[in-house]
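Structure record follows, encoded as structure tokens.
Residue numbers (mature numbering (1 follows the signal peptide of the UniProt record, and there is no 0)): -25 to -1, 1 to 527.
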């Protein structure tokens, strides 16, 4: 198979893996039912949400494993952790496993959450290595599909169990356990590092896949809006989503077919050249040595082609290296351009600014999404519709940086990631305060959920690029997983405070209805988000020289 075919096939594999990897986003869809079935308090339920995020505390293990094990094995190991974590919980809900203590459920939720890190690490590393010149674009594009996970799982559950809440909760757990493993096994042969020289020539392919991705997101958003979703049956919605997920396969198939056609055309031209030479020599009476023609002509052709390609490639590498050297000499912000490991990274002020920006931005948003089930219930709304809405808009949020990256990189211009984060943190903080509006139609609830989904999704994508730009690519697998350790920390802290307020405002049965259930919580979250915006401004000021040097 031609390398370009395998290269783009790996991208399709990453898309499929990421589209089913956001299993933790399913928690709000079955959390209320789980709370009822296990007779848990709101604080105990919050601890389970924390447990899923706590699995990321050990996400660095996947980075270490990727340094020593083949990618396919890291992928299978990660999905197997999810099989055990979600699978045993499912067996407990259906009564096949009895006398499972709360501590065991907590551990299983943590194991399931850790499995996400392994699949993420594989996709990130393969994207960086297979698309060295477009790595950040590919990471953002494939990572955006993780924002669709909740929507995809909801579509499948709607087909299987359209009405029963108990069966739907079980179905979410069952799918979360087996679907990632099935998709991982199917795609394991294709998620591998391919030796490629250049990727910038595939401009049309990137435009085509961006169009497909935007169409997929638009379809997901339309299916999440009540008036529009009623036009399609659950089965039609699921089939439409599956078709759009498989549509990127057209790219490697098209590129592979074009390569074969071009190869056949070159062979035909080569044979015609041999025949022409033979006829010329026969007409001039020169003795013909066919073996000489066959042996020399291909060699000369190959030598010329290789020389030209090698010269072009080496020129590009030299240009890149010279650019890096120039930045190293002129840039005063050392932490921005260093290839550093985790020990050095933890001593950098930029890391801690970045850490708290992520904590008060993406992590707060994740805690908000974990509580969507109870938020929707307190306002008398369906949790599934809000989860589907947040998933769909989160997808577009993750995609926005990829689109910006594509068009900006073509103009040899580098956008400041911290400045981008500042522009996204401010609307997120405002959205939390919009949730305080006393709106009986809950319009602001849907608008705020969409804003938080878009902004947090975009920051999640940007963070991958920002980690590599601040601390290098060599230790990316470990460094980025250390950064996201703030997710379980924030999940425990912010989620616990939200649960305490909810419990205080609730009735004797532990349930709360009305605006007061989360009023104080939203005020706190909005304030913290604006503090994070200020910290992002400081990070921007400290890294401005680096990004300015990239533009010159």
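All C-beta atoms, glycine included, are put in the ideal place defined by N, C-alpha and C.
Annotation for residue 85: the continuous alpha helix (DSSP H) segment containing it runs 77 to 105. Residue 412 carries a coil assignment under DSSP once its states are collapsed to helix, strand and coil.
With the rule of 3 Cβ pairs closer than 8 angstroms, the segment 324 to 338 counts as touching the segment 508 to 519.
DSSP, read as helix, strand or coil, puts residue 429 in helix. For the pair of segments examined, the segment -15 to -2 was found to touch the segment 75 to 92: the number of CB pairs separated by less than 8 angstroms reaches three.
Counted as a single uninterrupted DSSP element, the alpha helix (DSSP H) harbouring residue 220 occupies residues 209 to 221. Under the three-state reduction of DSSP output, residue 522 falls in the helix class.
Taken atom to atom, the span from the alpha-carbon of residue 405 to that of residue 356 is near 22 angstroms.
The C-beta distance from residue 431 to residue 119 rounds to 12 angstroms, too long to fall under 8 angstroms, and the pair is not in contact. Residue 239 sits in a helix when the DSSP states are folded into three classes.
The residues 389 and 391, in chain order, have a CB closer than 7 angstroms to that of residue 522 in the same chain once the five nearest residues on each side in sequence are set aside. Excluding the 5 residues flanking it on each side, residue 453 has same chain C-beta neighbours closer than 8 angstroms at 35, 38, 39, 316 and 317, in chain order. When DSSP states are grouped into helix, strand and coil, residue 448 belongs to the coil group. Taking one beta carbon from each stretch, the segment 448 to 466 and the segment 19 to 34 have 3 or more pairs nearer than 8 angstroms; the two touch. In the three-state DSSP reduction, residue 314 falls in the coil class, being neither helix nor strand. The criterion of a C-beta distance shorter than 7 angstroms is satisfied by residue 5 and residue 147. Inter-residue distance for residue 516 and residue 504 is about 19 angstroms (C-alpha atoms, whole angstroms). Counting only the Cα atoms, residue 87 lies some 30 angstroms from residue 187. Taking 7 angstroms as the cut-off, the beta carbon of residue -13 is found closer than this to the beta carbon of residue 165.
In this chain, residue 139 is not harboured by any alpha helix (DSSP H), its DSSP state being neither H nor E. Shortest Cα-Cα distance from residue 349 to any of 162, 212 and 480 involves 480. 7 angstroms or more divides the Cβ of residue 77 from the Cβ of residue 151.
In this structure the segment 360 to 372 touches the segment 427 to 445; the number of beta carbon pairs closer than 8 angstroms is three or more.
Approximately 4 angstroms separates the beta-carbon atoms of residue 66 and residue 72; this is inside 8 angstroms, confirming the contact. Taken through DSSP and simplified to helix, strand or coil, residue 119 comes out as helix. Your pair residue 56 and residue 159 does not check out as a contact, with CB atoms roughly 11 angstroms apart and the cut at 8 angstroms. Judged by beta-carbon spacing, residue 26 lies within the 7 angstroms limit of residue 81, meaning their Cβ atoms are closer than that value. Shown here, residue 392 sits in a helix according to DSSP, grouped into three states.
Contact annotation: residue 195 and residue 346 have beta-carbon atoms that are not nearer than 7 angstroms. In terms of Cβ geometry, residue 140 and residue 463 do not form a close pair [threshold 7 angstroms]. Here the C-alpha atom of residue 161 lies approximately 21 angstroms from the C-alpha atom of residue 229. Less than 7 angstroms divides the Cβ of residue 23 from the Cβ of residue 84.
A residue is called buried when at least 16 other Cβ atoms come within 10 angstroms of its Cβ; residue 42 does not meet this threshold and is exposed. Leaving aside the five residues that flank residue 514 on each side, the residues in its chain whose CB is nearer than 7 angstroms to its CB run, in chain order, 325, 328, 329, 332 and 393. With 16 or more other Cβ atoms from the protein chains shown falling within 10 Å of its own Cβ, residue 518 counts as buried.
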